[in-house]
Amino acid sequence: WAAVVRSTDPAATDPDRWGHGDRAERRAFFAADPARARALLAGTWAAEKGEDREWFLDRIGAAPTAGDEPLLEAALDDRRKGVRDRAVAALGLLPDSAYARRMAARARAAVSVERRLLRSRLLVTPPADHDDAMARDGIRPTPPSTLGPQAWWLRQILAATPLRVWDALGPPADLLGRAGPDWKDVLVAGWHEATIRQADPAWAAALLDLGPAERDVAGLVGALPPVRRAPAVVRLLAAATPPAAWLLPALLDTVPDPWPDELAAAVLAAVTRPDSRPRDAREVLKLLGGRLRPGPSAALRDRADRLRDTDWEPALAAVADTLAFRHAMLEELR
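Every position in the sequence shown, counted from 1, becomes a number in my numbering once 67 is added.
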């Protein structure tokens, strides 16, 4: 609790504490008055220890502003990789920054529309080589074993480019449909990362329409408006290859409660398939108990009736007991 006490102490923002205080006092200063601390940090940045520079950038990166851009640009040249990586992540959240403009220029040079008589397609010209400017902006040179260098550089550029850059070429669904087979996986992967970083609902919907594949569908669902998440999850669970039970919690965590019975029915159908076991679905069943509306659930009752006299009966009964307890507790509080 010492840090909390310091952050609420009126003396926490005494300028002497910034210039001469210990690490805990300076961090408490930042927590108590982030705007003032940011201004002071610009003057002491070069003298800050590497661990402290990372700590400050973690806080700035949670909600960067245009006023942070000069400091973040300077941090791109830091000798410490952790500082550079944090600066790149924070600048990626500033769509009007010089960093965003540099990425947009690279993206436009790499992806354009080739007009044809009956239909158009995307023309992809990836970077020919990796230069110092790309390295400074956080584009890593060495690809994973599954990608070639040019595809890797292009994917990183697309992931860091503001999605509004593509508005002039057409809506997301059209762009995804124009991608040729040679580069489609790379384009989709880059746009997928950008969509999650920027929480863009139009791009998220278009990418979800491609099907679950091996992409992070939880991140895409989380980019949708809250009212659209439950229907999106229901559609995903109705697909031919729904996520395995142990992958569902991350996806379901994106849906605000209380869950509608339609979602509960889809989740129960997905986790109680013949090849599933109650212990594999333990985390999902816990979520059901906490996210469904307290009281009887038609979806749960229907599934329990179908699985009577099986290993699922006690597991589903435990969920029903949780819902009954929550209902009774709420009634006592009325």
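Ideal placement from N, C-alpha and C gives every residue a C-beta, glycine not left out.
Sub-8 Å separation of E121 and R94 beta-carbons: For E121 and R94, no; Cβs fall outside 8 Å.
Assigned exposure category for V351 - 16 Cβ within 10 Å defines buried: V351 should be labelled buried.
Using only the alpha-carbon positions, how far apart do R173 and G362 sit? Roughly 55 Å between the two C-alpha positions.
If you drop the 5 nearest sequence neighbours on each side, which residues of the same chain put their C-beta closer than 8 Å to that of R90? These residues qualify, in order along the chain: D119.
Close-in-space but distant-in-sequence residues of the same chain around W250 (CB under 7 Å, 5 per side omitted): Cβ within range, chain order: V191.
Is there at least one non-hydrogen atom of the ligand ZN closer than 7 Å to the beta-carbon of D81? Only the bare structure without any ligand can be found here, which leaves the ligand ZN out of the picture.
Comparing C-alpha positions only, which one of A261, D252 and H197 sits nearest to L161? Nearest C-alpha to L161: A261.
So for V322, helix, strand or coil by DSSP? Secondary structure of V322 (DSSP, three-state): coil.
Exposed or buried, what is P211 when buried is set at 16 or more other beta-carbons lying within 10 Å of its beta-carbon? Flag for P211 reads exposed.
Could you pull the start and end residues of the alpha helix (DSSP H) that V301 belongs to? Annotation: the continuous alpha helix (DSSP H) that includes V301 extends over P293 to L304.
Cβ distance (whole Å) where L291 is taken to contact A311 below 8 Å: Going by Cβ atoms, the distance from L291 to A311 rounds to 22 Å, so no, they are not a contact pair.
Measure the C-alpha to C-alpha separation of F402 and E140 and round it to an integer number of angstroms. Residue 402 cannot be examined here, being either before or after the span of the chain that is shown, 68 to 401.
On the DSSP letters alone, give me the boundaries of the beta strand (DSSP E) that R188 sits inside. Run containing R188: R188 to V191, per the beta strand (DSSP E) assignment.
Buried or exposed, going by whether 16 or more other CB atoms sit within 10 Å of the CB of V334? The residue in question, V334, is buried, as its Cβ has 16 or more Cβ neighbours within 10 Å.
Starting from V180 and walking both ways along the alpha helix (DSSP H), at which residues does that stretch end? Looking at the DSSP string, V180 is not in any alpha helix (DSSP H); the run it does join, the beta strand (DSSP E), is V178 to E181.
Under 8 Å: do the region 221-240 and the region 192-207 share three or more Cβ pairs, one atom per stretch? Flag = yes, the region 221-240 and the region 192-207 touch.
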